[in-house]
Structure formats: C-alpha cells, structure tokens
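Converting from the sequence shown to the numbering used here requires adding 122 to each position, the first position being numbered 1.
Remarks on the structure that follows.
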Amino acid sequence: MDSARLKHGVDVDVGKAGDGLTALIIACSLGHLEMIDILLKHGADFDLMSKNGITPLMAAASFGHANVVDKLLSSGALAEAAHPFAKTTALHFASEMGNVDVIKALCRHEPKLGDARNKIGGTPLHTAADTNQTASVRSLLGYCRSNVEILMNGDTTPLYLASQRGFSEVIETLVVDGGANIDFIMPTGRFKGELQAYGADRAKHAYQQKNTEIGNGATALHAAVENGHLLATRTLLRLGAKQLPSMRGASPLLIALQYKHPRIAMALLSKNREAQVNVATKHDGMFPLFVASRYGYHKVVQRLLNRGANASQTLNGQPYAAIRAATNTRVKKIFDEHMKSMKGSHHHRKATKKDKV
C-alpha cells in the first residue's frame, strides 16, 4: 500500500477478515513510522479497535515503539482507551512487556494514566509487579507516580503479587522506592482474594494465582512463604516485614511448616526474628512445634525449642501434643533431651530456693 493507491478510493480502515486488524494497527505493531504517517494523512482511525479489542496505540505500546506512541498521541489517540474485555490500557501492555520508553511517553502525555484500573481493579503497577518487570515498576513509580497501595480485586497490592511470585528485586523496589506498606493485611469482605484457587467458573479470570485456601488476612510475607520463595522471604524480612499471625491465627512460620518449607521456617526462626513460636490458629489450635514434629523436621524442632516453644502445648485437649506427634527418632531424641534439661532446670531452681532458706 502507498500514497498513490490510497488516492483511488481505498478504505484505509478495512480490517482483515479473521481478526479485524487494520493497516494502521499492523504498521504500529511493526513500528513503520513512514507508513503510519501516510495512513494518518489519509484519515485512518487511530482509535479503531480490531475484533480482539486492540487499538493502534496498544499495539505500538506492546511492541515497544515509543516513537509511534508519541506520533499517535500527538495525532489525538486516546491514551486511556481500554480493552473491551479486560479493560487494560496501553500502559498495562507496556508495563507487562517492560517497555520503559513507552511508559514514559504515555505518562508524559497523561500523568493520571499511572493509576488506570482494569476490569478487576489492577493498575499497570500490579501488572508490572506480577510479571517481574522491575524496570517497569521503577518507571511507573518515578514517571507516573503510580499508587503502590491501590487494591486489585478489593484486597491485593502490587507488593503481594510480587511476593507470591518470588520476585525479590520487584519487592525491594516497591518497598524502598515506592514506600509500599510491607505489613499490609488483606482485608476481609466480599472479595476472597488472590490467594484463592479458582474454580471452572473463574477459569478466564485475569491474574489467576496458585495460593492458599484462605486469602483474607494474609500479608506479603505469608504469600512468599507459602509459595516456597526463600529469597523473597529473606528480602521481606531484611526490609522489616513482621511475622503477623493475621490469617486466623496462622503466622508465616506455621504456613511455612504446613506447606513443607523447612528451610524457610529456619529463616523465619533466625536470630532476632519475632516468629510467633507458640501462637496457634483460632479455628483448629494448630501450632508450629506440632507441625514440625509431625513432619519430622528435627532441625526446626530444635530451633523452635531453643526459641522458647512450649513442648507441653495442648491440641484438641491433649497436652504435649507435639511430643505425641513425633514419629521421627531424631525428633523424639530432641524432645527427650529437652524434657530432661527442663527437669534438671526445675530441680536446680528448687535446690536454690532451699539453699536460700
């Protein structure tokens, strides 16, 4: 197609039979600026969507053609135009692909675009955090002034998404550069949270996650721990995350043990960490020492006892539940030695009292 052919009554906005892609959308996808100029000169609609909901601006943003984005915006293209299904904008697409120059161009044209919401309330920052695009996160924070505390689905922050995926660099950027609340607790309400396992009726829902059955009350640390992300867990702890028993009494430590991540449990129990060693869940009374004992995590059992875990803690009306649950000989030996030392300490205290008398 060229300028001469366009003069002879060719409809520049005719789309392909299958997907409805127009010549302008294709040219924007490929970054052909000269052809784009010709098409626009002959009246091509810069906001016309294909059958799958893509605009020329979305196409250019997805493929990282910042010069094309500038051309379309200066021609009058709508920066905030949203996909008809997911309601994602060109900035969402650019953020997902890590196209920093496009992000800058879009936010330079429309500063408020940084907090554009898709169908489930996700912003471009949610998208960047969920796809491990650290450069996008930095640009959104720096150039678009994106809000780190906006909730997707009514309960999920960008930090939570990065934590459940294990994206440590994104986590650090959100907390250090963006000032994200590292201890934000997922609120209760009609939303069940991105921790949920979706059923068939939610199969086409965007941002599907693979997390726990109980979403409400979780923190970013819960999400990193449950999914087995040791580095992300260490990053959150280093940045000051608290080990809150906010999931109906379940602390990150208990979650780590229930999901069989003993190395993460050891990290949570490291020196100077407040690990909630004796906190039990409200609904079933489960506590860390019991789970560690049942699974035979002898190193964790030893460290729990060293950190003050109560060996006589009750479960279902039974005292010393953790000791009763032990099946591993190494765990049993640890408990035997612990109980002997406790008895020895008790006798020593009694003898000291008598000496004073």
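The beta carbon of each residue, even a glycine, is placed where N, CA and C say it ideally should be.
Counting the other Cβ atoms within 10 Å of the Cβ of residue 348 gives 16 or more, which makes it buried. Within the same chain, 271, 279, 281, 282, 341, 342 come within 8 Å of residue 306 by CB-CB distance, once the 5 residues on both sides are set aside.
For residue 229, the enclosing alpha helix (DSSP H) begins and ends at 222 to 231. Of the other Cβ atoms in all chains shown, 16 or more fall within 10 Å of the Cβ of residue 288; this residue is therefore buried. Counting along the chain, residue 378 sits inside the alpha helix (DSSP H) bounded by residues 374 to 380.
Under DSSP, the beta-bridge partners assigned to residue 440 are 437. Check the Cα spacing between residue 250 and each of 284, 199, 434: the tightest is with 284.
In the DSSP assignment, no residue is bridged to residue 308.
In the structure shown, the three-state DSSP call for residue 171 is coil. Taking the C-beta atoms as reference points, residue 391 is found nearer than 9 Å to residue 425. By the CB criterion at 9 Å, residue 214 and residue 178 fall outside the cutoff. Annotation for residue 416: the continuous alpha helix (DSSP H) segment containing it runs 410 to 416.
Distances from the CA of residue 372 to each of 268, 338, 273 were compared; the closest alpha carbon is that of 338. Only exposed fits residue 382, as fewer than 16 other CB atoms lie within 10 angstroms of its CB. Secondary structure note for residue 356: its alpha helix (DSSP H) is the uninterrupted segment 352 to 360.
Residues of the same chain with a CB within less than 8 Å of the CB of residue 430, apart from the 5 flanking positions on each side, are 399, 400 in chain order.
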